[in-house]
Structures are given as C-alpha cells and as structure tokens.
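> Here it is, the structure, as structure tokens.
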Amino acid sequence: MSSLSDPTFSTYDQHKAQRYAESRLSYSARLYNTIIDYHIKSHGQTITLVDVGCGPGNATRDLARRFDHAVGLDPSVEMINRAIQLGGRTKSDRQLRYVVSTADEISHGITEALPVVKDFGGVDLLTAAMAVSVDQHVPLPD
C-alpha cells in the first residue's frame, strides 16, 4: 500500500491509515507461538516488548498479551493514532503504549513510552513485524 515515495507511511492521512489497518492482517498464532517459545527457551523474559514500525499495532497487540509492558513505535502520526484507537492490553492488564518515533529516535521513543525500561535495564523482545511486508507464503518449520 505504500508507494516508493513514502516507504514509511509518514504522509498517510487518517483515511489511508484506517484502510491500511483494515487490510493488513495479523500474523498467525502459530508464528507468534514459535517466536515466544524460542524467546522463552533462550531464557528471555516477558517483561517488556517493543515493536518497531508497528503501523496500526496489529502485531503489538497480538504479542503484548504475553508481556507485562508493551510499546509500539512508528514514524507515522496517523498510524500511531489508529493504533491508539484500536487499543490493546498486556498480560498484566496494562494499556499498550504507542509513540511516534523514527528509527533515529528509537531510544528516546522507548524510554518516553516505557520508563520501566530504565527500571528493568532494557527490552526483553524487540520486533519489527509490521515493518516487513512479505508478499509470498513462507511456511513455518515443523
């Protein structure tokens, strides 16, 4: 949906962001389970999730159910506005946080949204799920 002249969707208006959110599907529960299972088996904690390039927050919402704190970052104001409208909760029933942030400002965006990152010494899982567009079917390993 993005043109080469706007690869970050930063010029999307409210209507384009809404259409994008409605047409961009979430990933399968199986994929999320594979990611989380690997993360936990690798001794990863489930305190803090950060989703970079979150768009309307589909993957942020899906993954946040397994974390105490979660933040989605995106450079598009309207994508973040749409993510806020769609909401979401973490496993500890905290509201998801969404912040307008470019890749260059990621550190500031994370600490602005989640001061808990400083308290716990970092991020447990960093994803960029909606920042990647896959146009072909990629099977999961058995």
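Numbering of the sequence shown is given in the working numbering, commencing with residue 46 and proceeding in unit increments. By construction, the Cβ of each residue, glycine as well, lies at the ideal position given by its N, Cα and C atoms. In this text, all values refer to a predicted model and were calculated from it rather than measured experimentally.
Expressed to the nearest angstrom, what Euclidean distance is found between the alpha-carbon atoms of S137 and F112?
On the sequence shown, residue 137 is found 92 positions in, with the first residue counted as 1. On the sequence shown, residue 112 is found 67 positions in, with the first residue counted as 1. Using only the alpha carbons, I get a separation of about 7 Å.
> Assuming L171 contacts V97 under a Cβ cut-off of 8 Å, what Cβ separation, rounded to an integer in Å, is found between them?
The count along the sequence shown starts at 1 and reaches residue 171 at position 126. The count along the sequence shown starts at 1 and reaches residue 97 at position 52. Right, their Cβ atoms sit about 7 Å apart.
> Express the C-alpha separation of A174 and G167 in angstroms, rounding to a whole number.
Working through the sequence shown from its first residue, we reach residue 167 at position 122. Working through the sequence shown from its first residue, we reach residue 174 at position 129. Roughly 20 Å separates the two Cα atoms.
> Which first and last residues belong to the beta strand (DSSP E) in which T135 is found?
Your numbering for residue 135 matches position 90 in the sequence shown. Note, T135: premise wrong, no beta strand (DSSP E); not H, not E.
> Helix, strand or coil for A115? Go by DSSP, reduced to three states.
Stepping through the sequence shown from its first residue, residue 115 is reached at position 70. Three-state DSSP puts A115 in a strand.
> Give the range of the beta strand (DSSP E) segment to which L108 is assigned.
Translated into the one-based positions of the sequence shown, residue 108 becomes position 63. No beta strand (DSSP E) holds L108; the alpha helix (DSSP H) holding it covers 103-109.
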